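What follows is a single structure, written as structure tokens, with notes after it.
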Amino acid sequence: MITFAIGLSVVLLLVILFLLFRIGTLASIFRGSTQRAAGTTKTSNRVNSTLLLLFLIGGGAAFAWSFASAWDTMNQPLASVHGAWTDSLFWTTMIIIGIVFVITQILLFTYSYKYQHKDNKRAYYYPHNNKLEIVWTMIPAVVMAILVFAGWKTWTKITSAAPEDAMVVEVMGKQFNWMVRYPGADGELGVANVNLIDAVNEFGVDFSDKNAMDDFMPRELHVPKGRPVLLKIRSRDVIHSVFMPHFRLKMDAVPGMPTKFWFVPTKSTEDMRNETGNPEFNYELACTEVCGRGHFAMRFMVVVDEPEDYERWLAEQPAFIEQNPDLLAKFSSKTEDQLVLEHKAEKKAEEVKTEL
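When we follow UniProt numbering, the leftmost residue of the sequence shown carries the number 1, and every step to the right adds one.
See below:
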């Protein structure tokens, strides 16, 4: 906040000086002194061109300082395999664009100073040059093509099919919190249906499906270090976005359109606490899509365990149906009703067949 205030003060000061100078120039012109106006115009050109150079130097220094001071904030420690690919692509792009930006800005402000208006100097008429146009068209085109190709290759690796041994977790966003669901010992998530959602069964899990009987829904997202994790992502209401900065993971949660993202965590929570020197460090899952007035509250704890610790944690988790046994009776009665309807449908089909 202090840095922002200082920067804003400097900008306002420069604006005030510029306006004062322009007021003086206009006053001279309105006074009707042609000679003085011409002299003022020359002075104005010289002052403006000098200010542009000072702005280049001061702005460049301020940019370098702000970039260096925010380096640790911008570069969160990396904790996933594919995050290294993402960072490499990002910084390659930033370096190329940054070099071009610096060169063009230096040329822009330098030329503004060097070629300021002078009464005894005429501009050189240079309307067209095919070779020059080909060069400044082809070089950016080739560079951009290389960057796009590299981005496509990286994106293909990141969005490829998850390994067969990947641990599956369902992540659901809703206003205004996250929920997660794990398969139990069978390794299969039960079927879910939006029509079954209620105050208790917030995932809308169909507990008539035997695969759902051992599913559990903890209040923290635990994943094992060094093992592929596949997140099956969905939303219950509006668009949310799954964001885990230390894993370089971001994927939208879209209502009616399940998405997914897989990654391999490389540092446990304890590893990261030791690396950062912060004993209270925790990974988190945040929402980066403004989803309503409670958007700020959509944060969820993520814990990366050592493999043996993860297995212990997994064994301690009770199935959701064990914690809510009343749901089982509800689905059992529903299943009986469904069997009656199916029996009636089969009988009707047999009657129709007989008549034919």
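Think of the CB as a built atom: it goes at the ideal place given N, C-alpha and C, for glycine as much as any other residue. Just so we're clear, the structure is a prediction, and the values are computed from it rather than from any experiment.
With DSSP collapsed to three states, give me the class of residue i.
i, result
"Thr259", "strand"
"Ser49", "helix"
"Val340", "Reliability of the predicted coordinates at Val340 is poor, the pLDDT of 48 falling under 50, and no value is obtained from them."
"Thr335", "At Thr335, the pLDDT of 49 sits below 50, so the modelled position is not reliable and the matter cannot be decided from this model."
"Glu220", "coil"
"Tyr182", "strand"
"Ser69", "helix"
"Gly60", "helix"
"Gly190", "coil"
"Pro265", "strand"
"Asn177", "strand"
"Glu322", "helix"
"Ala38", "Per-residue confidence for Ala38 stands at a pLDDT of 49, beneath the threshold of 50, marking its modelled position as unreliable; no derived number is given."
"Gly151", "helix"
"Glu164", "coil"
"Leu356", "Reliability fails at Leu356, whose pLDDT of 49 lies under 50, so the model's placement of it is uncertain and the value that follows must be treated cautiously. Residue state, collapsed to three classes: coil."
"Val290", "coil"
"Asn211", "helix"
"Ala123", "coil"
"His117", "coil"
"Glu316", "helix"
"Pro279", "coil"
"Leu78", "coil"
"residue 357", "What the structure shows of the chain is the stretch from 1 to 356, and residue 357 is not part of that stretch, so it cannot be assessed."
If I follow the unbroken beta strand (DSSP E) through residue i, where does it start and stop?
i, result
"Ala253", "Leu249 to Ala253"
"Leu231", "Val229 to Ser235"
"Asp305", "Arg299 to Asp305"
"Glu284", "Tyr283 to Cys287"
When the distance is taken between beta carbons, is residue j closer than 8 Å to residue i?
i, j, result
"Trp178", "Leu285", "yes"
"Thr154", "Leu89", "yes"
"Pro218", "Ser235", "no"
"Met167", "Val229", "yes"
"Val169", "Tyr182", "yes"
"Leu328", "Ile321", "yes"
"Leu52", "Thr93", "no"
"Ala192", "Asp206", "yes"
"Lys210", "Leu231", "no"
"Val143", "Ile96", "yes"
"Ile239", "Glu188", "no"
What residue does the alpha helix (DSSP H) around residue i start on, and which one ends it?
i, result
"His240", "Not the alpha helix (DSSP H): His240 falls in the beta strand (DSSP E), residues His240 to Met244."
"Ala199", "First-last for Ala199: undefined, no H or E at that position."
"Glu270", "Thr269 to Thr276"
"Lys114", "Val81 to Lys114"
"Lys174", "Premise fails: Lys174 lies in the beta strand (DSSP E), Met167 to Lys174, not in any alpha helix (DSSP H)."
Could you give the distance in angstroms between the alpha-carbon of residue i and the alpha-carbon of residue j?
i, j, result
"Ala319", "Ile233", "21 Å"
"Asp305", "Ser268", "5 Å"
"Trp262", "Asn45", "59 Å"
"Lys131", "Ser9", "46 Å"
"Asp271", "Lys225", "10 Å"
"Arg273", "Pro265", "15 Å"
"residue 397", "Phe243", "In the structure as shown, the chain begins at 1 and stops at 356. Residue 397 is therefore absent and cannot be evaluated."
"Arg312", "Val223", "12 Å"
"Ala108", "Thr276", "In the sequence as displayed, the identity of residue 108 is Leu instead of Ala. Roughly 42 Å between the two C-alpha positions."
"Ile16", "Asn48", "14 Å"
"Leu13", "Ile57", "16 Å"
"Thr335", "Ser208", "For Thr335, the predicted structure reports a pLDDT of 49, less than 50, and the residue's modelled location is therefore unreliable. The matter cannot be settled from this model."
"Gly151", "Asn129", "33 Å"
"Thr50", "Tyr113", "7 Å"
"Asp237", "Phe203", "12 Å"
"Ala84", "Asn324", "42 Å"
"Lys174", "Thr73", "29 Å"
"Ala212", "Trp91", "44 Å"
"Val100", "Thr110", "15 Å"
"Asn299", "Ser241", "Looking at the sequence itself, residue 299 is Arg, so the reference to Asn does not match. Roughly 11 Å separates the two Cα atoms."
"Ser69", "Gly190", "49 Å"
"Phe216", "Gly184", "7 Å"
"Ala37", "Thr43", "In this predicted model, Ala37 has a pLDDT of only 47, less than 50, meaning its place in the structure is not dependable enough to derive any value."
"His117", "Ile103", "23 Å"
"Asp252", "Pro77", "23 Å"
"Ala123", "Tyr115", "9 Å"
"Val340", "Lys330", "Here the model assigns Val340 a pLDDT of 48, short of 50, so the residue's position is not dependable, and the following value carries that caveat. Taking the straight line joining both Cα atoms gives about 16 Å."
"Thr156", "Pro307", "28 Å"
Are at least three pairs of beta-carbons, each pair with one atom in the stretch 291-308 and one in the stretch 184-198, less than 8 Å apart? no
If you pair each beta-carbon of the stretch 133-142 with each one of the stretch 60-78, do three or more pairs fall below 8 Å? no
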